[in-house]
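See below for the structure under consideration.
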Amino acid sequence: MADDRALVLLSGGQDSATCLAWALDRFSHVETIGFDYGQRHVVELQVRDHLREAMAAMRPDWRERLGEDHVLDLGLLGQVSDTALTRETEIAMQADGLPNTFVPGRNLVFLTMAAALAYRRGLRHIVGGMCETDYSGYPDCRDDTIKALQVALGLGMDRRFVLDTPLMWLDKAATWRLAEKLGGEDLVSLIRDHTISCYLGETGVRHTWGQGCGSCPACDLRSRGYLAYRSRGPQSAILKDRNQQ
Ligand code: ZN
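What the sequence shown shows, in my numbering, is residues 2 to 246, in sequence order.
The structure is reproduced here in structure tokens:
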């Protein structure tokens, strides 16, 4: 299994789009995987093609490296979980401190299915946007969970998979800075204007930080992160944003 081949979990949100650029920057062959599990923000899935095409158009070497896209139907996650991500329920905090958008075991299932695909495709690295710095407290986003799963998948499939989580210790502002470092203002604009992080999948309203309802936990994290990033960014970028309002 070649060490320079990767599979990126691409949901269509800010974090996974940044991960795709990160992977295109360092691996010689990069494939993408997406999951349809009956999520309310299925619009995320519709932006994946555009993100792939736009990143391929940014740099000739990225175009050469970008391989196949895979979309798996994981409708069973919607069947077993009763959450605000998969049902028409108001988003709220639960007694355990987690928002009711938490789909139990979601990332465990995603990464296990990704590894099964990576096994077949000969891809060693599996790249995901999990982060425990600026997050909603989901236990399956934590570094310890990912490390334990890397060991379990390696043992269970007898392959030395590497689960890469480049955003694990970055806050949302630092994630924007990483995008800028990887692809400049073009990549920042692409991610801001064409990714959807909103749990409700709202696309009608365009804010300075992108599209979304503006009030769900994901929109809250995203807007605060973008404003923090811009407040320290180049003055020209701040002026450009103001002009777009
Ligand atoms: Zn939202």
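Think of the CB as a built atom: it goes at the ideal place given N, C-alpha and C, for glycine as much as any other residue.
Keep in mind it's a predicted model, so treat the numbers as computed, not measured.
Can you find a heavy atom of the ligand ZN that lies under 7 Å from the Cβ of residue i?
i: GLY215; result: yes
i: TYR200; result: yes
i: CYS220; result: yes
i: GLU65; result: no
i: GLU203; result: yes
Report the option in the options whose CA atom is closest to the CA atom of residue i.
i: GLY13; options: PHE36, ARG178, ALA24, SER232; result: PHE36
i: MET158; options: LEU67, ALA116, ALA229; result: ALA116
i: HIS208; options: HIS71, ARG193, ASP16; result: ARG193
i: LEU73; options: ALA55, PHE111, ARG53; result: PHE111
i: LEU264; options: LEU75, GLY76, ALA57; result: This structure does not reach residue 264, given that the chain is present from 2 up to 246, and the question cannot be answered.
i: LEU183; options: TRP23, LEU8, GLU133; result: TRP23
i: VAL163; options: MET59, VAL128, HIS51; result: VAL128
i: LEU150; options: ARG107, GLY185, SER190, ASP172; result: ARG107
i: VAL81; options: TRP177, MET59, ARG60, PRO105; result: PRO105
i: SER29; options: ARG225, MET94, ALA175, TRP63; result: TRP63
Considering only the beta carbon of each residue, do residue i and residue j sit closer than 8 Å?
i: GLU45; j: ILE197; result: yes
i: LEU188; j: TRP210; result: no
i: LEU75; j: MET114; result: yes
i: HIS195; j: VAL48; result: yes
i: LEU118; j: ALA7; result: no
i: LEU78; j: TYR38; result: yes
Inset, instruction - Jot down the residue ranges of each uninterrupted alpha helix (DSSP H) in the segment 128-196, minimum 4 residues, whole runs only, in chain order. - result: Within the segment 128-196, the complete alpha helix (DSSP H) runs of at least 4 residues fall at 144-158, 173-195.
Legend entry - Three-pair Cβ contact test at 8 Å for the segment 159-168 versus the segment 212-225: With a cut-off of 8 Å, the segment 212-225 and the segment 159-168 do not count as touching, because too few Cβ pairs lie within range.
Legend entry - Contact between the segment 134-148 and the segment 16-23 (3+ Cβ pairs under 8 Å): Counting C-beta pairs with one atom in each stretch, the segment 134-148 and the segment 16-23 have fewer than three that are closer than 8 Å, which means they do not touch.
Inset, instruction - Identify every run of the alpha helix (DSSP H) within the segment 202-239, keeping only runs that are complete inside it and at least 4 residues long; order them along the chain. - result: If only uninterrupted alpha helix (DSSP H) runs of at least 4 residues are considered, those enclosed by the segment 202-239 are 218-232.
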